[in-house]
Amino acid sequence: MTTITLPPQPCAVPLLTCRPSAVRECGGDLLAASAQIDDLGSFVAGDARVGDWTGRGSARYHETIAPIGRRADAMSLALRSVATRVDAHADELQRLLDRRTDLEERRSHLAGEVARLRGEITGATEDDAAALQAECDLVRRDVELFDADVTTWSSDLASEETAMVQAFQRVQEAEAVERIYGGVADPADGALASKPGADATPEEVNAWWDSLTHAQQQAIIAAAPGAIGNLDGIPAGPRNAANTVALDRDLADWTHTESLGELTDDERTWLENARAADEARRNIADRVDPVTGEPIETQIYLYDPAAFDGDGAIAISAGNLDTADNVAVVVPGFGTDAESAGYQADRAATLYESSRYLDPDASNASMFWIGYDAPDNAPWDEGFDGAGVVTESMATAGGEHLADTIDGLRASRDGEPAHVTAIGHSYGSTTTGHAAHDHGIEVDEIVFVGSPGVGGDTNDAGDTGIDPEHVWAGANSRDPIADLGNHGWVHGETVLGAGLGDDPAEDEFGANRFEAESETRGGAFSFGDHSKYFDHDTESLHNISQIVNGNDDAVEHADHVYDPWYDGVQDPEHDRDPTTPATR
Numbered sequence: 009m010t011t012i013t014l015p016p017q018p019c020a021v022p023l024l025t026c027r028p029s030a031v032r033e034c035g036g037d038l039l040a041a042s043a044q045i046d047d048l049g050s051f052v053a054g055d056a057r058v059g060d061w062t063g064r065g066s067a068r069y070h071e072t073i074a075p076i077g078r079r080a081d082a083m084s085l086a087l088r089s090v091a092t093r094v095d096a097h098a099d100e101l102q103r104l105l106d107r108r109t110d111l112e113e114r115r116s117h118l119a120g121e122v123a124r125l126r127g128e129i130t131g132a133t134e135d136d137a138a139a140l141q142a143e144c145d146l147v148r149r150d151v152e153l154f155d156a157d158v159t160t161w162s163s164d165l166a167s168e169e170t171a172m173v174q175a176f177q178r179v180q181e182a183e184a185v186e187r188i189y190g191g192v193a194d195p196a197d198g199a200l201a202s203k204p205g206a207d208a209t210p211e212e213v214n215a216w217w218d219s220l221t222h223a224q225q226q227a228i229i230a231a232a233p234g235a236i237g238n239l240d241g242i243p244a245g246p247r248n249a250a251n252t253v254a255l256d257r258d259l260a261d262w263t264h265t266e267s268l269g270e271l272t273d274d275e276r277t278w279l280e281n282a283r284a285a286d287e288a289r290r291n292i293a294d295r296v297d298p299v300t301g302e303p304i305e306t307q308i309y310l311y312d313p314a315a316f317d318g319d320g321a322i323a324i325s326a327g328n329l330d331t332a333d334n335v336a337v338v339v340p341g342f343g344t345d346a347e348s349a350g351y352q353a354d355r356a357a358t359l360y361e362s363s364r365y366l367d368p369d370a371s372n373a374s375m376f377w378i379g380y381d382a383p384d385n386a387p388w389d390e391g392f393d394g395a396g397v398v399t400e401s402m403a404t405a406g407g408e409h410l411a412d413t414i415d416g417l418r419a420s421r422d423g424e425p426a427h428v429t430a431i432g433h434s435y436g437s438t439t440t441g442h443a444a445h446d447h448g449i450e451v452d453e454i455v456f457v458g459s460p461g462v463g464g465d466t467n468d469a470g471d472t473g474i475d476p477e478h479v480w481a482g483a484n485s486r487d488p489i490a491d492l493g494n495h496g497w498v499h500g501e502t503v504l505g506a507g508l509g510d511d512p513a514e515d516e517f518g519a520n521r522f523e524a525e526s527e528t529r530g531g532a533f534s535f536g537d538h539s540k541y542f543d544h545d546t547e548s549l550h551n552i553s554q555i556v557n558g559n560d561d562a563v564e565h566a567d568h569v570y571d572p573w574y575d576g577v578q579d580p581e582h583d584r585d586p587t588t589p590a591t592r
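If you're matching positions, the sequence shown starts at 9 in the numbering used here and goes up one per residue.
Listed below in structure tokens is the structure:
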């Protein structure tokens with residue numbers, strides 16, 4: 009009887025246990041260290057020099073500090089080089105992991121083929137031999153190709169590990185750092201010299217950024233993160249990279265100073281704001297995309313812990329602002345400052361989860377935006393400062409900042425527009441109303457929720473500059489803040505600067521009111537209901553998410569508030585039984 013030669017078993021795929029995300033964090037730490045040392049070099053070249061001091065003492069002093077600055081600059085470049093290589097290592101490790109997954113799948117398939125052929129040979133006849141041998145030969149060739157690919161994969165892994173070792177070894181000694189990088193010009197310097205002025209448009213800023221080489225861009229992110237981290241027109245990816253460097257550097261600097269007991273009062277405030285930003289980014293990163301099961305991508309779009317006299321400015325996105333089909337910017341209200349970033353991050357992540365769950369085929373980014381100086385206290389807080397809340401001066405200033413942010417988001421997308429929704433909650437709706445009315449923001453949808461009024465000059469939905477069909481209002485009937493806006497047709501919403509404008513949920517305003525009741529709503533007036541608009545499985549979150557996704561037909565509309573001349577303000581939603589639509 010003819011002998012049939014079986015193909016060999018495919019070789020085992022070597023194990024690879026690693027976390028590219030942890031490697032990337034290491035690269036971020038190295039970049040932060042590079043920025044710290046670069047600051048020393050800049051100090052020596054700038055503030056440490058005494059221009060009006062002359063004589064032998066001056067000459068000796070400046071001769072002494074010059075090598076310190078040169079060494080700091082060299083060390084900063086060396087660390088930056090290693091950090092860049094570590095970041096590339098994280099990318100390569102992920103590719104190697106993906107290739108290994110593919111190899112394991114191929115091995116499983118080939119092992120199954122070998123087992124199948126073994127079984128068929130057992131019961132084969134002489135007439136089956138030729139055909140079976142041909143099949144065995146085909147599988148043998150596939151196994152040989154597979155084994156060769158495993159060898160290549162192992163070789164690539166070894167080469168990558170060797171390259172990483174060499175990257176660290178070449179700058180392991182101070183003498184080597186001085187020899188390689190001493191006196192080398194920082195690529196960031198020339199790139200920053202061509203940076204547009206403070207009055208440049210976001211489009212001009214974006215054109216400048218695009219004109220730089222990748223090396224120049226990376227140099228700026230490491231050496232001068234503050235130059236681009238909050239600059240409108242820079243894409244969200246580079247802004248996130250720069251703000252990550254700045255945040256990690258600040259945490260390291262101020263935490264060390266705190267351990268020495270030498271923090272000033274201002275620095276203590278800034279450190280608390282930095283810690284809040286760190287908490288916020290981790291809050292989002294710890295959540296998973298409901299469609300892919302992968303961690304939600306996090307981007308720090310705005311980071312300035314000293315802004316607004318120490319209240320701070322922070323904006324962080326759940327999702328990629330540069331590529332998302334649907335972008336939502338959430339503007340919070342009363343009592344918001346940088347220290348509330350963790351709470352606002354939870355809202356942004358919840359909106360992201362809901363939007364993705366309701367439309368899995370679209371990509372999303374939901375950003376909380378603490379980019380203006382909001383009133384310090386909310387009406388339900390101890391120490392409520394009513395005078396600060398009932399005027400719209402902060403909203404007017406904040407509206408300009410929000411308009412700049414929207415312009416920057418649009419300009420940085422390089423001709424790939426997103427469906428953009430501005431969502432103003434509480435006093436943030438007044439700010440959003442001013443951004444729309446005063447500056448004509450380029451958004452596709454405006455959503456006002458829990459609004460105490462949308463600005464004194466905005467008398468109806470058309471005054472926002474947006475098609476009224478895309479102006480939305482959500483108001484829980486038990487929310488006392490949503491009842492603060494002006495009602496009726498007179499529009500006497502501001503008197504000597506007091507008042508925040510019209511109620512956008514009223515029929516006279518002309519916005520689309522959507523259902524926003526909560527199953528857990530309180531009595532006639534419940535301050536707790538003012539904070540439920542972004543809770544999972546609520547009417548409000550469901551409808552806001554549909555608006556964000558551009559699915560207007562899926563929004564559940566509600567009857568407007570109305571104010572008849574013969575009676576008080578009426579809200580038809582007050583007696584309706586709330587529902588609990590699924591948002592996750």
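C-beta atoms are modelled at their ideal positions from N, C-alpha and C, and glycine is treated no differently.
query                                                                                                                      : result
Exposure label - P368; buried when at least 16 CB within 10 Å                                                              : exposed
T472 - DSSP class collapsed to helix/strand/coil                                                                           : helix
Inter-stretch contact at 8 Å, needing at least 3 Cβ pairs: the segment 117-132 / the segment 13-21                         : yes
Beta carbon of W213 nearer than 7 Å to that of P233                                                                        : It is Val, not Trp, that sits at residue 213 in the sequence shown. Going by C-beta atoms, V213 is not nearer than 7 Å to P233.
Spatial distance of S202 from W216 (CA atoms)                                                                              : 8 Å
T306 (DSSP reduced to helix, strand or coil)                                                                               : strand
S459 at chain D interface by Cβ criterion, 7 Å                                                                             : Annotation note: the requested chain D is absent from the structure, which comprises a single protein chain.
Reduced DSSP secondary structure (H/G/I, E/B, other) of G505                                                               : Caution is warranted here: a pLDDT of 47 is assigned to G505, below 50, making its placement in the model unreliable, and no coordinate value can be reported.
Candidates E525, W262, L105 and D197: closest to D545 by CA position                                                       : E525
I12 - containing alpha helix (DSSP H), residue span                                                                        : Neither: I12 is in no alpha helix (DSSP H) and is coded neither H nor E.
Per-residue DSSP class, three states only, for S539                                                                        : helix
Same chain, Cβ closer than 7 Å to E280, neighbours up to 5 away in sequence not counted                                    : E347
For Y570, three-class secondary structure by DSSP                                                                          : strand
Assumed close pair S434, F342 - CB separation to whole angstroms, cut-off 8 Å                                              : 5 Å
Assigned exposure category for V173 - 16 Cβ within 10 Å defines buried                                                     : exposed
Chain-order list of residues whose beta-carbon lies under 7 Å from that of E453 (same chain, five-residue window excluded) : T429, H478, W480 and I555
Backbone CA spacing between T160 and L101 [nearest angstrom]                                                               : 15 Å
Bridge partner(s) assigned by DSSP for V339                                                                                : G432
Close beta carbons around V503, own chain, < 6 Å, minus the five adjacent residues each side                               : Residue confidence for V503 is low, a pLDDT of 46 falling below 50, so the modelled location carries little weight and cannot support an answer.
Cα-Cα separation, H409 to Q177                                                                                             : 47 Å
Exposure of Q44, with buried meaning 16 or more beta-carbon neighbours within 10 Å                                         : buried
Span separating the alpha-carbon of T25 from that of A249                                                                  : 26 Å
Closest by C-alpha distance to E450, when choosing among L417, G458 and G461                                               : L417
Buried versus exposed call for Q225 [16 or more other C-beta atoms within 10 Å across all chains shown]                    : buried
Bounding residues of the alpha helix (DSSP H) (the contiguous stretch that carries F517)                                   : No alpha helix (DSSP H) holds F517; DSSP gives it neither H nor E.
Exposure of W573, with buried meaning 16 or more beta-carbon neighbours within 10 Å                                        : exposed
Neighbour-count burial assignment, G241, 16 or more Cβ in a 10 Å radius                                                    : buried
Backbone CA spacing between V335 and L118 [nearest angstrom]                                                               : 45 Å
Cross-strand partners of H565 (DSSP beta bridge)                                                                           : F522
Meets three-Cβ-pair contact criterion under 8 Å: the segment 181-198 and the segment 145-159                               : no
For A373, the first and last residue of its enclosing beta strand (DSSP E)                                                 : N372 to I378
Among D256, L23, E134 and R107, nearest to G35 - alpha-carbon criterion                                                    : D256
E169: first and last residue of the uninterrupted alpha helix (DSSP H) it sits in                                          : A137 to Q177
Spatial neighbours of V122 in its chain, beta-carbon cut-off 7 Å, leaving aside the 5 residues before and after            : L14, P15, Q17 and V147
Neighbourhood of G237 by C-beta, 7 Å cutoff - its chain only, sequence neighbours within 5 removed                         : R247, A250, N251, A254 and Y311
Top-ranked residue by Cα proximity to A156, from F456, D583 and A20                                                        : A20
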